[in-house]
Amino acid sequence: MRIHQRFLLIVLCLAASMSALAAHNPLLPRPQWINYGAGHLAVRGLAIEFASPPGPEDRFAADQLAMWLGSRAGAEIPIREKEGSGPAIVLERTGAVDPLPVPGDRPGPDSREAYELKVTPTGVTVRARSSAGIFYGAETLRQLMEGEGQQAVLPEVEIRDWPSLAYRGTMVDMSHGPLPKVQEVEQQLDFLARWKANQYYFYSEDSIELKGYPLINPEGRFTQDQVRTIIDYARQRHIDVVPCLELYGHRHDIFRVERYSSLSDLPHGTEFDPRNPQVMKLLANWINQFADLFPSPFVHIGFDETFQIQIAVKQQGTGATPTKLFVNQLNNVARLFEKRGKHVMAWADIMVKYPEILPQMPPGIIAVPWHYRAQPDSEYKQWLAPLTAGGVPHIVATGVTSWNQIAPDYDTTFDNIDTFLAAGRKSRALGLMDTVWTDDGQMLMRMSWPGIAYGAVAPWQSAVMDRATFFSDYARLMYPAAVASDVSAALDDLRKSESTLQKVLGGSTMIALWRDPFDPQILKKCTEGESELRQARLLAEDAQERLDHAINLGGDRTTLESLLLGSRLLDYAGQKFQTAPELEALWQRLGPTRPADETWWNEWGSMVIYQDHSRLVDLMDAITELRAQYRSAWLEEYTPYRLASAIGRWNAEYEYWRQMQSRLLTFSESSHEGDKLPPLASFAGPH
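Start counting the sequence shown at 603; every next residue gets the next number (my numbering).
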């Protein structure tokens, strides 16, 4: 009887706890321990106080919190140096400032970043060992706030929270595609801070100015002063900017310059030639510049995808000269950084592929195994087993799959983060780095922000991510209540539309977008995938309606307009690849020869090639409208670097349909009833 009563009590407590959680805002990341009370505290009338003399970091957290709360409540939230009258939010830092992650950090309830938060009907306390913990407590208060204006309140609650992993980073690609504006990077840092990320990996092949090297990528790089601005901005938000460099392969941007082409293993190639003594002379200069520029105690030196090694190993085994040269070069580069007090990281693909070289790696190197899809093997043994066997510390690298996609592939992204993170926890990974690549040179990164948030939240919380509620939770925290449901539904529509389109076009939908729809293999797939193309369009159009509605109700244009463009582009892709098989069916229905003029006009000319509202003109109109919107969206996020090259694809798309229309018009004017009809594909594509 007692056991039954105890079980019933536990069930009732759990039910009460779940009911309390459901009654309040979602929190991302989910706190490790949370207990709601029945009361609340009005935001209007609150002040912010310090329990001890504040440093600049504490003042920044207070300023941000006052701005967040005050903007929602429509009232000023004063900041006081000492205790005053009336209810207050008291920030209490009990230890040193400790603003950024350092080597040897540990997660857990006693960690540098842990915090305690308590809201009662009479006031708020945020207590933490470091300024980082104070800042994270302030971010949680921001999420807790309910209502607007006079109705803005903080619910009665007690929270104890800490990170489950010490290092939670996002890597942003500055080299494969567009170059973000400094202001855009700052917006990314603001966004990441909301989800308690603490590292920003600044991926650069040749996207940072190096003194003495004016010929290297002069239009596509940040100045050193701009990098310093980014570093300072990130530090205020407790994010360490870690240089993520390529100091072996992926070097074509320098080798295409004739002055430096001889430093490559092949003429104008992609990898340094370690046998050339000038290589280390150049790298020594670069390493000193990078070490001076980035105060982070960490540096990522690259050394991935070294194709010459892989060719040599296939031919000669792991004792091949290229492999020895790779190991020597890695050690030489690491040694120079270590002399400057840096802890070295490197991509792990070569290490795990040829584990025989692991004992030759620099002591203490942090390996970064990367993989961007869920593995059938839940433990990711291919990537992690060699490292755990060799006792090599590691950080797992996941990916936001958006680098070759029209809209982000959220299904693949979430699968990858969930499974690789779970495997990394088992292998005792130090942290997670979520990568955002820009391979197709077309990607608008703001569309990827929900995936970036997912990758920042997951390594903080211990609980498994709730994918079923993520879009809803994310939207409720990012947008006003009036638009959150529209945004959540639109994100789910985009997810489904992209995944559905991939069933016909394959995983790289943005690459496929520019292909010839009358190519026999593509035409066959589109004919067979008619229902999927229709479904992808319907989902994209649902997303358009919802995003339009959200924007019109005052939703944040910065994040919503790129998603709206993505939905329109998905719709265009569906339309384009519907059009080819539909026109082919119309053409076949005409028969082997040209029919009488009236039939020709009614069943072909008026519907397909006429200048007003015909199928080909529809596509020309759509792509030109999208091109203007895309150009505007690009210039919101990026500098003009590579814009003209990117727009060239849009211009070519318009020309494809214009030329097809022109050729069909010429045929229509020069042919007669009874003339043989050539294959429709003969009018398409380059001639």
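Glycine included, every Cβ here is placed at the ideal spot set by N, Cα and C.
Range of the contiguous alpha helix (DSSP H) that encloses residue i
i: residue 1080; result: 1069-1080
i: residue 1171; result: 1159-1192
i: residue 697; result: That residue, residue 697, is in no alpha helix (DSSP H); it is neither H nor E in DSSP.
i: residue 727; result: Unbroken run through residue 727 is the beta strand (DSSP E), 725-730; no alpha helix (DSSP H).
i: residue 1289; result: Premise fails: residue 1289 is in no alpha helix (DSSP H) and is neither H nor E.
i: residue 953; result: 951-955
i: residue 1056; result: 1051-1059
i: residue 636; result: Here residue 636 belongs to no alpha helix (DSSP H); instead the beta strand (DSSP E) covers 635-644.
i: residue 1255; result: 1245-1272
i: residue 963; result: Taken as a continuous stretch (DSSP letters only), residue 963 belongs to no alpha helix (DSSP H), as it is neither H nor E.
i: residue 1219; result: 1217-1239
i: residue 1212; result: Neither: residue 1212 is in no alpha helix (DSSP H) and is coded neither H nor E.
Under 8 Å between C-beta atoms of residue i and residue j
i: residue 1275; j: residue 1196; result: yes
i: residue 728; j: residue 739; result: yes
i: residue 1141; j: residue 1099; result: yes
i: residue 759; j: residue 637; result: yes
i: residue 754; j: residue 830; result: no
i: residue 1101; j: residue 1013; result: yes
i: residue 845; j: residue 902; result: yes
i: residue 908; j: residue 967; result: no
i: residue 1046; j: residue 1034; result: no
i: residue 1061; j: residue 840; result: no
i: residue 809; j: residue 773; result: no
i: residue 762; j: residue 715; result: no
i: residue 1089; j: residue 1077; result: yes
i: residue 679; j: residue 630; result: no
i: residue 1043; j: residue 870; result: no
i: residue 1179; j: residue 1135; result: yes
i: residue 972; j: residue 904; result: no
i: residue 665; j: residue 693; result: no
i: residue 1002; j: residue 1064; result: no
i: residue 1079; j: residue 1165; result: no
Residue i, buried or exposed, once every other Cβ within 10 Å from all chains shown has been counted against 16
i: residue 1066; result: exposed
i: residue 1103; result: buried
i: residue 1037; result: buried
i: residue 1206; result: buried
i: residue 820; result: exposed
i: residue 668; result: buried
i: residue 712; result: exposed
i: residue 652; result: buried
i: residue 617; result: Unreliable positioning characterises residue 617 in this predicted model, as indicated by a pLDDT of 45, which lies under 50. A coordinate reading is not provided.
i: residue 605; result: In this prediction, residue 605 has a pLDDT of 49, which is less than 50 and means its spatial position is unreliable; what the coordinates show is noted afterwards. Exposed, since its Cβ has fewer than 16 Cβ neighbours within 10 Å.
i: residue 900; result: buried
i: residue 1285; result: buried
i: residue 798; result: buried
i: residue 1124; result: buried
i: residue 1055; result: buried
i: residue 1007; result: buried
i: residue 730; result: buried
i: residue 1117; result: exposed
i: residue 614; result: Because residue 614 sits at a pLDDT of 44, beneath the cut-off of 50, its placement in the model cannot be relied upon, and the following sentence gives the value as read from the coordinates. It counts as exposed.
i: residue 1299; result: Because the chain is modelled from 603 through 1289, residue 1299 falls outside the range shown and cannot be assessed.
i: residue 925; result: buried
Residue i: CB within 7 Å of a non-hydrogen atom of the ligand SAM
i: residue 1166; result: Among the components modelled here there is no ligand, and therefore nothing to report on the ligand SAM.
Limits of the beta strand (DSSP E) - the one that residue i falls within
i: residue 757; result: 755-763
i: residue 1129; result: Segment 1122-1130 is the alpha helix (DSSP H) holding residue 1129; no beta strand (DSSP E) there.
i: residue 661; result: No beta strand (DSSP E) holds residue 661; the alpha helix (DSSP H) holding it covers 658-675.
i: residue 722; result: 717-722
i: residue 651; result: 649-652
Nearest candidate by alpha-carbon position, reference residue i, set the options
i: residue 923; options: 659, 876, 889, 1141; result: 876
i: residue 635; options: 666, 799, 766, 750; result: 766
i: residue 1113; options: 1051, 1009, 1131, 1161; result: 1009
i: residue 1287; options: 1095, 809, 1258; result: 1258
i: residue 1048; options: 794, 715, 696; result: 794
i: residue 963; options: 982, 993, 689, 896; result: 993
i: residue 597; options: 1202, 1184, 1183; result: Only positions 603 to 1289 of the chain appear in the structure, and residue 597 is not among them; the question remains open.
i: residue 931; options: 1003, 851, 957; result: 851
i: residue 849; options: 868, 837, 872; result: 872
i: residue 892; options: 940, 1169, 1071; result: 940
i: residue 646; options: 706, 724, 684; result: 724
i: residue 985; options: 1160, 1005, 862, 1025; result: 1025
Contiguous alpha helix (DSSP H) assignments of at least 4 residues, all confined to the region 969-1039: Along the length of the region 969-1039, whole alpha helix (DSSP H) runs at least 4 residues long occupy 983-991, 1012-1028, reported in chain order.
Within the region 774-832, ranges of the alpha helix (DSSP H) (whole runs, at least 4 residues): Every alpha helix (DSSP H) of 4 residues or more that sits fully in the region 774-832 is shown, in chain order, as 784-796.
Unbroken stretches of the alpha helix (DSSP H), 4 residues or longer, contained in the region 826-913: Runs of the alpha helix (DSSP H) inside the region 826-913: 826-838, 854-857, 879-895.
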